[in-house]
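Chains as they are written, first to last, in our numbering: chain A, 4 to 437; chain B, 1339 to 1498.
The next block holds one structure in the form of structure tokens; read it before the comments.
Here it is, written out as structure tokens:
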């Protein structure tokens, strides 16, 4: 049996283990170990298993993920989300659908200090959904809007998905981070347009909020100055080579912590709870990454990525068709597997194909994040939907799923624009010369 | 069996506290290194190794509690549609596979730690030996083994 055939059998076995509910990380380590042992020897397989896991968990680069997760949790406990929502509400609240638009921009701003879509959706959901209900907003718009806008958390830097992608493809984290800024703003605008269209079709779904005096708007804006400062410190420091990604995450976490202490929002209890929360999320992500290394080794010796790359090239189909198929793989895959394991699993296999066609790896990173955005809001796995369901317990799941569709179209449109105008993603990173 | 499960869960919760200490150690080592390097021209010697080793202390002891909390991702919605008997058979099968994997990582991890102890491998800057952290890594899989053992016994006793 050729090593490529063994590799294919390994992939089928992996999918079978996913289906029977074996934890994703453990499935990858198990199949990786079996496959590696089969191709080389049982002794090599047994020896590589603990080494791969230990070396990956002992990797300094990967600690950036832990630090940025910690930053997001501390930003939440420091009440930064509340002030961002308050400012956005005072600025946009007085137009039709204004509360929903405020929530979208508050999510975008919270995304600038938190790298997780679920954390962004949870933080803003707790603030925005009760407010929208109070003003008689339609449940479909209120829940769908927050579930979808939460995805801005992974597009606007810092982003855990960009970190994982950068770590796996050895791309500059700083360049990846800033490549998400313009697409993030475009997506926020498209989502706001979706809200406006929904309110034009059905004016009762998003009534106007209270009118706020100009001075109040200015005051609310001043109150979020610390968030802006934190963003500039972390992303600026990273971009200009002042910090490594791990240092930037650590400084961001410290900044959020200090803000919480100064503003008396942070308590000892919330500090401990959020540290535990960050640890649990890090354990979940890092276990998958470490286990995927074993599977990645198996894939490498089975030569699957190279065989697949050669096969795709031999098809002689246009570039954009290949890109369309890859996006489709992520879209369909995202419906069944969570975004992070899907990326960790597929990047080593699909990335060589994308690069062999001359696509920009930074641009592809943004595309990956955008398809991840679709994955986290599409049924049946759509994690953001369940986060919002946990907050709005009285709203049926079907209502939330119905509510995400206009926003899903906004994400698809942003992706299409990025495919045809890749410079939107690569313009900012190309300004940096390192 | 419930008593043992309670003990194990408590052990996992204690281990999570070790993880909390680990993540805080990562955070403070990082902070001391940045502030020291940027403002006092004195970066923390061996900061990279300290952070990496702390990550082992943070992540591996907390893996077992994730099993109780359900934070380890899996594809749930397909199995949910299966009949009860098939679900049970599959759960037993998955527990056996996970148990085998955890035993393998634990045992091979111990062997790897022992080999590092004998070779005397240390961090290039911090001079901290590697082997205690590999032991931490390997021993952290022990509660995972116990978790799946209890799961299997409960399945066979009909408690699940």
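All C-beta atoms in this analysis are idealised placements derived from N, C-alpha and C, irrespective of residue type, glycine included.
| Query | Result |
| --- | --- |
| Entirely enclosed beta strand (DSSP E) segments - the segment 314-399 of chain A, minimum 3 residues | none |
| Residue 1463 of chain B burial status per 10 Å Cβ neighbour count (16 or more: buried) | exposed |
| Collapsed DSSP secondary structure at residue 206 of chain A in the structure displayed | helix |
| Contact between the segment 1373-1387 of chain B and the segment 1414-1427 of chain B (3+ Cβ pairs under 8 Å) | no |
| N-terminal and C-terminal residue of the alpha helix (DSSP H) that residue 1433 of chain B is part of | 1422-1457 |
| Whether residue 241 of chain A touches residue 339 of chain A by CB criterion (8 Å) | no |
| Chain B within 8 Å of residue 267 of chain A, Cβ atoms only | no |
| Between the CA atoms of residue 1348 of chain B and residue 1364 of chain B - distance to the nearest angstrom | 25 Å |
| From A/407, A/336 and A/415, residue whose alpha carbon lies closest to that of residue 201 of chain A | A/407 |
| Rounded straight-line distance, which links the Cα of residue 58 of chain A to that of residue 357 of chain A | 28 Å |
| Nearest-angstrom beta carbon gap, residue 1451 of chain B and residue 1469 of chain B [assumed within contact, 8 Å] | 5 Å |
| Endpoints, alpha helix (DSSP H) assigned at residue 42 of chain A | 27-42 |
| Chain B contacts from the segment 54-74 of chain A (Cβ-Cβ distance under 8 Å) | 54, 56, 57, 60, 61, 62, 63, 65, 66, 69, 70 and 73 |
| Where residue 340 of chain A meets chain B, residues with beta-carbon distance less than 9 Å | 1411 and 1413 |
| Residue 1413 of chain B vs residue 22 of chain A beta-carbon contact at 8 Å | yes |
| Contact set between residue 1443 of chain B and chain A, taken where Cβ atoms lie within less than 7 Å | 52, 53 and 56 |
| Alpha carbon of residue 1478 of chain B to alpha carbon of residue 1394 of chain B, nearest angstrom | 10 Å |
| Unbroken alpha helix (DSSP H) run spanning residue 271 of chain A, endpoints | 271-305 |
| Limits of the unbroken alpha helix (DSSP H) element including residue 1471 of chain B | 1469-1477 |
| Contact set between the segment 21-54 of chain A and chain B, restricted to residues whose Cβ is under 8 Å from the partner | 21, 22, 23, 24, 25, 26, 27, 28, 29, 32, 33, 36, 49, 50, 52, 53 and 54 |
| Burial state of residue 88 of chain A, where buried means 16 or more other Cβ atoms lie within 10 Å | buried |
| Residues of its chain near residue 115 of chain A, where Cβ-Cβ distance is below 6 Å and the 5 sequence neighbours each way are ignored | 159 and 234 |
| Residue 6 of chain A versus residue 13 of chain A: straight-line alpha-carbon distance, rounded | 10 Å |
| Neighbour flag for residue 1356 of chain B against chain A, beta carbons, 8 Å | no |
| For residue 1460 of chain B: DSSP bridge partner residues | B/1467 |
| Under 8 Å by beta carbon: chain A residues contacting residue 1363 of chain B | The premise fails here: residue 1363 of chain B is roughly 11 Å from chain A at the closest Cβ pair, so nothing lies under 8 Å. |
| Secondary structure of residue 97 of chain A, DSSP reduced to three states | coil |
| Given residue 1408 of chain B as reference, the closest of A/111, A/76 and A/27 once Cα atoms are compared | A/27 |
| Opening and closing residue of the alpha helix (DSSP H) in which residue 243 of chain A lies | Where residue 243 of chain A is concerned, there is no enclosing alpha helix (DSSP H), given that its DSSP letter is neither H nor E. |
| At least 3 beta-carbon pairs within less than 8 Å: the segment 74-88 of chain A vs the segment 103-119 of chain A | yes |
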